[in-house]
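Below is the structure:
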């Protein structure tokens with residue numbers, strides 16, 4: 001099915017394999033087989049991987065969406081993955097309940113994260129690519145609605161913290177690709193619109209709205225955009241320390257600075273003002289966006305630059321998970337991306353002088369030194 005296709009007439013919805021499972025174990029088996037197949041396609045080379053991604057992404061994602069939404073099909077069958085996961089939870093020992101209940105859900109999320117990332121990596125090379133398949137938008141919306149609205153900000157109050165963290169990580173991967181920014185902000189708008197659980201969205205209208213919005217400005221004012229960005233930034237910063245994978249933390253660090261950068265106010269000041277130290281100090285002090293987010297974002301960047309990037313396992317599935325996104329999979333690539341984001345931030349605030357004033361005002365001197373050392377450290 002092509003992006004923007006009519007889900008209501010798709011034959012893929014009639015009887016998907018996932019629509020016939022009757023236990024969490026069976027669903028998990030499907031996800032593990034799909035993950036292994038994806039890994040084998042990756043090992044077989046770029047051409048085979050590209051063909052696999054183009055041919056099978058939409059059909060498989062549609063089947064995931066069907067069972068995630070608990071849709072009725074024409075045969076009267078109903079499968080709800082969350083119900084199956086809950087049933088699996090009730091059949092195990094109490095001391096293992098949290099981990100075991102999460103296992104099937106986590107495998108589902110990890111599969112979609114890797115698959116979507118490979119899809120985005122491949123499609124990003126096509127300069128005119130700005131849209132996603134309808135099924136991907138639906139799955140991303142469901143993940144965003146859960147991790148930004150339903151799940152508590154505090155991990156200790158979350159009954160499925162690992163799943164929430166993976167959903168947040170999924171959103172961060174979308175932000176890594178500049179051509180997906182409109183998709184990300186549209187998702188945030190949808191989440192806010194349908195934040196009331198008593199107001200369930202019409203998926204068809206939701207997806208049509210997405211495809212009609214491509215290329216349009218999502219917010220008319222800077223305040224509107226900031227109000228959208230605050231929730232993901234806050235939750236990324238609050239949950240990132242719990243993520244065990246360095247590649248996940250890298251994704252969140254890049255996404256955090258990208259979203260932070262998109263929400264800044266640009267300054268257009270004259271040469272006389274640039275030489276006025278007091279003026280620059282007052283400007284920096286009164287910038288509430290930088291006061292709230294600049295130091296936490298810089299601190300996160302430093303943390304991921306200190307991360308070990310070795311994967312201490314012979315498990316090929318885990319190694320495969322750390323291969324994408326290619327743009328930040330190595331430390332050199334990560335540093336290049338972070339330098340680029342910081343340079344863009346500097347340009348967007350107005351000039352290096354203003355950027356320096358903001359750093360001096362809002363970031364601890366020790367952190368500034370660490371940032372420079374880590375970014376400039378030779379490999």
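In the UniProt record's numbering, the protein residues as written are 1 to 379. For every residue, glycine included, the Cβ atom is placed at its ideal position computed from N, Cα and C.
| Check | Outcome |
| --- | --- |
| Does the stretch 153–165 come close enough to the stretch 236–253 that 3 or more CB-CB pairs lie under 8 Å? | yes |
| Which residues in the same chain as residue 184 place their Cβ atom closer than 6 Å to its Cβ, once the five residues preceding and following it in sequence are excluded? | 174, 175 |
| Express the C-alpha separation of residue 189 and residue 288 in angstroms, rounding to a whole number. | 23 Å |
| Is the Cβ-Cβ distance between residue 64 and residue 131 less than 9 Å? | no |
| At a threshold of 8 Å, does residue 46 count as lining the ligand ZN (C-beta to nearest heavy atom)? | Among the components modelled here there is no ligand, and therefore nothing to report on the ligand ZN. |
| Rounded to whole angstroms, what is the Cα-Cα separation between residue 262 and residue 256? | 10 Å |
| Can you tell which of 167, 180, 67, 109 has the C-alpha that lies nearest to the C-alpha of residue 121? | 180 |
| Between 267, 66, 35, which has its C-alpha nearest residue 20's C-alpha? | 66 |
| Since residue 275 is in the alpha helix (DSSP H), which residue starts that stretch and which ends it? | Premise fails: residue 275 is in no alpha helix (DSSP H) and is neither H nor E. |
| Is it a yes or a no for the stretch 222–231 touching the stretch 296–303, going by three-plus beta-carbon pairs under 8 Å? | no |
| Taking the alpha helix (DSSP H) that residue 316 falls in, what are its first and last residues? | 316–321 |
| Going by beta carbon distance, what residues of the same chain come within less than 6 Å of residue 297, once the five residues before and after it are set aside? | 256, 257, 260 |
| Helix, strand or coil: which one does DSSP assign to residue 219? | coil |
| Considering only the beta carbon of each residue, do residue 53 and residue 172 sit closer than 9 Å? | no |
| Which residues in the same chain as residue 371 place their Cβ atom closer than 7 Å to its Cβ, once the five residues preceding and following it in sequence are excluded? | 298, 301, 302 |
| Starting from residue 185, trace the alpha helix (DSSP H) in both directions and tell me its first and last residue. | 181–193 |
| Is DSSP giving residue 351 helix, strand or coil here? | coil |
| Go to residue 143, then tell me how far its alpha helix (DSSP H) extends in each direction, as first and last residue. | 134–145 |
| Just mark residue 306 as buried or exposed, buried being the case when its beta carbon has 16 or more other beta carbons within 10 Å. | exposed |
| Looking at residue 133: is its Cβ nearer than 9 Å to the Cβ of residue 68? | no |
| Between which two residues does the alpha helix (DSSP H) harbouring residue 173 extend? | 161–175 |
| Determine the DSSP secondary structure at residue 122, reduced to helix, strand or coil. | helix |
| Quick check on this structure: which residue in 353, 357, 334, 347 has the alpha carbon closest to the alpha carbon of residue 377? | 334 |
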